[in-house]
């Protein structure tokens, strides 16, 4: 029984991890009203609720982590240039 529970737990952890992803690229545009950024590859990402969008400018190179929730790319972490 313990083996079965361990196997089920491992499958659940792997399936949850499959939803997380990373993206790297240049910021093409920032939509302050919708709290989204679009990278040069055309993909858009939703910023966290209390994020100060003034720090993100078009042309910046960024690295971000995101989860896909209900078809929307929600940013969970972001690295901006120093």
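Numbering (mature numbering (1 follows the signal peptide of the UniProt record, and there is no 0)), first residue to last: -20 to -1, 1 to 62. Positions of the beta carbon are idealized from the N, C-alpha and C atoms, including for glycine.
Counting of Cβ neighbours within 10 angstroms places residue 44 among the buried residues, the total reaching 16 or more.
With respect to the 9 Å criterion, residue 5 and residue 15 are not classified as neighbours on the basis of their beta carbons. In the DSSP assignment, residue 44 falls within the beta strand (DSSP E) that extends over 41 to 49. In terms of CA proximity to residue 37, 18 leads the group 48, 55 and 18. In the DSSP assignment, residue 6 falls within the unbroken beta strand (DSSP E) covering -1 to 11.
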